[in-house]
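Visitor: Straight run, no breaks: the sequence shown in this note's numbering ends on number 103.
Ideal placement from N, C-alpha and C gives every residue a C-beta, glycine not left out.
Provided herewith is a single structure, encoded as structure tokens, for subsequent inquiry.
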Amino acid sequence: MAEIFQQFGGMMDAAQGYRNLGQERMTAAQDQASAANALASGAWCSEDYTDYFANVQLQTNETHAHGTDAVQRGTVMDQVVADGQSTLATCRGIAGSLRV
Numbered sequence: 004m005a006e007i008f009q010q011f012g013g014m015m016d017a018a019q020g021y022r023n024l025g026q027e028r029m030t031a032a033q034d035q036a037s038a039a040n041a042l043a044s045g046a047w048c049s050e051d052y053t054d055y056f057a058n059v060q061l062q063t064n065e066t067h068a069h070g071t072d073a074v075q076r077g078t079v080m081d082q083v084v085a086d087g088q089s090t091l092a093t094c095r096g097i098a099g100s101l102r103v
């Protein structure tokens, strides 16, 4: 039983890691978008920068999508862990009742 519990603990750590990674990626994407918007609004920008900012926007959107996916994976893993812990508690209860 201890091994099963350790597996769920490892899954919780992985879920937290996914969420942290997702949050970091979304923050980076928002920072890039803010920087691009600030630069694009400057009067010094010429049409030469159009492709650059289009690429930055594309990378920002992709990074944000990857971050969102990582956060969702972490949330799903949390639910799996909760379900597993509930199943483990049920199994312990059944095992305890069989010791009679």
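Does the distance from the CB of Gly87 to the CB of Tyr21 come in under 8 angstroms?
Guide: no
Visitor: Please confirm whether Met29 and Val84 have their CB atoms less than 8 angstroms apart.
Guide: Result no, Cβ atoms of Met29 and Val84 do not sit closer than 8 angstroms.
Visitor: Below 8 angstroms on the Cβ atoms is my guess for Phe56 versus Ala68; work out the distance and round it to an integer in Å.
Guide: The pair is not a contact, with the Cβ atoms about 19 angstroms apart (cut-off 8 angstroms).
Visitor: Is Ser44 helix, strand or coil by DSSP?
Guide: coil
Visitor: To the nearest angstrom, report how far apart Gln19 and Ser100 are at their CA atoms.
Guide: 35 angstroms
Visitor: Straight-line CA distance for Asp16 to Asn23?
Guide: 10 angstroms
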